[in-house]
Amino acid sequence: MRHAYETSQWVPYPPEAVFAFFANPANLPPLMPAWQAARVEHAQIVTPDLPLGEADGSVIAGADTILTITFRAFPILPLRLTWIAKITEFVWNDHFCDEQTSGPLAYWKHCHFIQPETHDGLPGSLVTDKVTYALPLGRLGDLAHALAIRRQMKATFAFRQKKLLELLPARMPHGM
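Encoded structure:
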């Protein structure tokens, strides 16, 4: 059975800078809990055509980029899993989606939306993550989802939101 998870977070930074942050594969491991020890092992980056000066020299992974990531699935086990994902949709300064092509899940699609939004008169960005996923093993996978995976998704994205607020200021171009 496919499951869905969605969460949003407002950050006080311009959408162009926030989008560039998320579109750079090097920023993925720091957004994951340290116990996962996530690493981008290989990145076959397809750089999108962007308006002059838009990327500000950042690495931008566009549509058809393929990433190979390894991580620990459980805190106490040293076993590393390999996840291969492909960016299947990419609209500069709006959204991009990645889908698992090989890995531990039966299905995974994660769309990252970055929209301009003002809070209390302060311009910034609304970051929305929409994930659709399915676990392997049929009903046993659905039971694991009910018992643990749903909570793990929520905890992982809560960690990511907290970490994003720590990482973004250091990665913003000067003057932002």
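So for the sequence shown, the numbering used here puts the first residue at 46; every next one is plus one.
All C-beta atoms, glycine included, are put in the ideal place defined by N, C-alpha and C.
Return the residue from the list the options that minimises the CA-CA distance to residue i.
| i | options | result |
| --- | --- | --- |
| residue 152 | 161, 182, 134 | 182 |
| residue 216 | 161, 90, 199, 66 | 66 |
| residue 90 | 83, 103, 78, 76 | 103 |
| residue 155 | 205, 141, 125 | 141 |
| residue 210 | 58, 47, 184, 70 | 58 |
| residue 130 | 123, 78, 146 | 146 |
| residue 150 | 170, 187, 178 | 178 |
| residue 71 | 170, 83, 79 | 83 |
| residue 54 | 157, 197, 195 | 157 |
| residue 119 | 206, 197, 205 | 197 |
| residue 199 | 88, 126, 174 | 174 |
Just to check my reading of the structure: residue i and residue j have Cβ atoms closer than 8 angstroms, yes? What is that Cβ distance to the nearest angstrom?
| i | j | result |
| --- | --- | --- |
| residue 128 | residue 107 | Incorrect: roughly 19 angstroms between the Cβ atoms, too far for contact. |
| residue 139 | residue 121 | With 8 angstroms as the limit, residue 139 and residue 121 do not qualify as a contact, their Cβ atoms being about 40 angstroms apart. |
Look up residue i in the DSSP assignment and say whether it is helix, strand or coil.
| i | result |
| --- | --- |
| residue 80 | helix |
| residue 143 | strand |
| residue 88 | strand |
| residue 70 | helix |
| residue 136 | strand |
| residue 166 | coil |
| residue 220 | With a pLDDT of only 47 at residue 220, under 50, the local geometry of the prediction cannot be trusted, and the value read off the model is given with reservation. Residue 220 falls in the coil class under three-state DSSP. |
| residue 94 | coil |
| residue 63 | helix |
| residue 75 | helix |
| residue 57 | coil |
Per DSSP, what are the beta-bridge partners of residue i in this structure?
| i | result |
| --- | --- |
| residue 174 | 52, 157 |
| residue 131 | 111, 144 |
| residue 152 | 179 |
| residue 116 | 126 |
| residue 47 | 179 |
When the distance is taken between beta carbons, is residue j closer than 8 angstroms to residue i?
| i | j | result |
| --- | --- | --- |
| residue 113 | residue 144 | no |
| residue 176 | residue 49 | yes |
| residue 250 | residue 95 | Lying outside 46 to 221, the shown extent of the chain, residue 250 is not represented and no answer is given. |
| residue 116 | residue 81 | yes |
| residue 74 | residue 208 | no |
| residue 202 | residue 52 | yes |
| residue 193 | residue 180 | no |
| residue 60 | residue 214 | no |
| residue 165 | residue 46 | no |
Does chain B have any CB closer than 8 angstroms to the CB of residue i?
| i | result |
| --- | --- |
| residue 67 | Among the chains in the structure shown there is no chain B, since it carries only a single protein chain. |
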